[in-house]
Each structure stands twice: as C-alpha cells, then as structure tokens.
Amino acid sequence: MNDSAQSVKATIRKSIRQIRQTINQTESLNAANQICENLLSIEHYTASRNIASFLSFDGEVSTRIINQRLLDDKRIFYLPKLKPWPPNRLWFMPFYPDVKMTTNQFNIPEVDLPVSQAIRPSRLDILLMPLVAFDTRGNRLGMGGGFYDASLAHLKESNIKPLCLGLAYEVQKVADLPSEPWDFQLDGVITEKQVYWF
46 MNDSAQSVKA TIRKSIRQIR QTINQTESLN AANQICENLL SIEHYTASRN IASFLSFDGE
106 VSTRIINQRL LDDKRIFYLP KLKPWPPNRL WFMPFYPDVK MTTNQFNIPE VDLPVSQAIR
166 PSRLDILLMP LVAFDTRGNR LGMGGGFYDA SLAHLKESNI KPLCLGLAYE VQKVADLPSE
226 PWDFQLDGVI TEKQVYWF
C-alpha cells in the first residue's frame with residue numbers, strides 16, 4: 046500500500062471510530078433493530094441456511110439482535126475465529142447456545158470447537174461483516190488487520206461465494222475510500238436507513 050492511501054485510511058479510521066463512540070445506547074439499540082429488519086427484508090435471507098455474523102466490538106453496530114434472530118429462525122450461524130497460522134486469516138465456526146467460548150488476543154470471544162467443524166467461506170450463503178467505514182462503490186475499511194481481505198481473497202474470482210454484507214451506522218458512510226487490489230469489496234451494506242447494493 047502506498048503511504049498516501051495508508052495515511053488517508055488511518056485518518057478516516059480514526060475519525061469514524063470517534064464518531065461511532067458518540068452513539069448512545071438508545072440510538073444504538075434503535076439502529077440495531079432497524080438493521081435487523083432491513084436484513085430480514087432481503088430476499089436472499091429467506092432462502093439462506095448458512096450465515097456468518099460476528100460479535101460486536103469497539104462501537105460496531107450491535108449484532109445481538111441479529112444473532113438471536115438467526116438462532117430463532119433456525120439458521121446455521123457461524124462466528125469468525127482467528128487462525129494461529131497463517132496470520133491474518135479467519136475460520137468460521139458454528140455457534141449455538143451453550144457452546145464453549147474462549148477469548149482471542151483482541152479480547153473478542155470466539156467459539157472453542159475443533160477446527161474440523163469450520164465451514165469454508167464458499168459454503169456460506171450470507172457473510173455479515175464488521176467495518177469502520179464504507180463508500181458507495183462497495184469499498185470497505187476495517188480495523189486495519191486485513192483479516193477479512195486475506196480470508197476471502199480466494200473468492201474474488203469465484204462464481205461460488207456468499208453474499209457479503211457490511212453492517213454499519215449511516216454515519217459510517219464516506220464519499221470515497223482508497224482501494225487496493227487486495228481489498229475485498231462488499232456486495233452491499235445494511236444501515237439503519239437503507240440497504241446499499243454495489
């Protein structure tokens with residue numbers, strides 16, 4: 046990545062994370078409810094069986110309501126787990142009530158199951174992804190670790206891949222994000238206001 050793009054990304058990341066921290070509990074709950082409703086309105090959701098989500102962290106959109114709905118709707122629900130090797134890669138592990146959990150180096154809970162139970166990303170129907178910022182071209186800015194970019198890189202040229210949707214507050218939308226060849230683009234973003242398709 047060139048220094049200019051890296052600097053722009055760092056500035057946007059810092060700014061949006063600060064804005065996100067100003068969202069109060071009531072606003073966050075209202076947004077989470079509406080984002081869940083917007084997800085349920087997507088035709089692809091009805092036919093989906095294998096759906097990966099995440100556990101919210103650092104002011105991200107709360108996924109508690111969505112994750113409970115996935116369980117209520119009898120979807121097979123997966124959460125990301127950091128691979129020890131190669132670095133910056135994720136497994137997607139099945140989650141169910143009372144499954145054993147552990148905590149990774151970022152203090153984020155992860156499913157503690159044998160890796161043989163992980164699902165290949167190509168077998169997911171929908172992949173819900175966290176983000177710091179997004180633009181109207183489908184570019185996604187994460188926390189900077191590149192975990193999703195690296196884990197999904199092999200799907201870029203594949204005809205078999207999940208519908209990749211970012212979850213965000215409307216205030217996380219920016220006019221333009223620098224894009225690098227290794228950045229994984231989203232199919233859409235769900236905010237409390239609408240669903241953006243790219």
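Take 46 as the starting number for the sequence shown in the working numbering and just add one per residue. We put the CB at the ideal spot given by N, CA and C, even for glycine. Computed from a predicted model, the values in this text were never measured in an experiment.
From the options, residue whose alpha carbon lies closest to that of residue i
i	options	result
ILE96	TYR123, ALA77, GLN79, GLN113	TYR123
MET138	ARG182, ALA220, PRO125	PRO125
LEU231	LEU210, GLU225, PRO223, ALA55	LEU210
ILE121	ASP103, GLY104, CYS81, GLN162	GLN162
ASP157	LEU127, ASN184, ILE171	LEU127
ALA92	GLY104, ASP118, ILE57	ASP118
VAL216	ALA178, ASN149, VAL240, ARG168	ALA178
GLY167	TYR141, LEU200, ILE153	Inspection of the sequence shows that residue 167 is occupied by Ser rather than by Gly. Nearest C-alpha to SER167: LEU200.
Cut-off 6 Å between Cβ atoms - residues of its own chain near residue i, not counting five sequence neighbours on either side
i	result
PHE192	ASN133, LEU135
VAL53	PRO223
ILE171	SER93, ILE96, PRO207, LEU208
For residue i, the three-state DSSP class (helix, strand or coil)
i	result
ARG185	strand
TYR90	helix
VAL160	helix
TYR193	helix
ALA55	helix
ASN95	strand
ILE205	coil
LEU100	coil
ALA50	helix
Exposure of residue i, with buried meaning 16 or more beta-carbon neighbours within 10 Å
i	result
ARG65	buried
MET146	exposed
PHE151	exposed
ARG185	buried
VAL144	exposed
Contacting residues, own chain, Cβ-Cβ under 8 Å from residue i (five flanking each side not counted)
i	result
TYR214	ARG65, ILE68, ALA76, VAL106, THR236, GLU237
THR108	ALA77, SER98, PHE99, LEU100, SER101, LEU173, LEU212
ILE57	VAL177, ALA178, LEU186, VAL219, LEU222
Residue i at chain B interface by Cβ criterion, 7 Å
i	result
GLY191	Going by chain labels, chain B is absent from the structure shown, which holds only one protein chain.
Proximal residues to residue i (C-beta, below 7 Å), its chain only, five neighbours per side dropped
i	result
ASP221	ASP180
- Taking the runs of the beta strand (DSSP E) that are 3 residues or longer, which of them lie wholly in the segment 58-83? none
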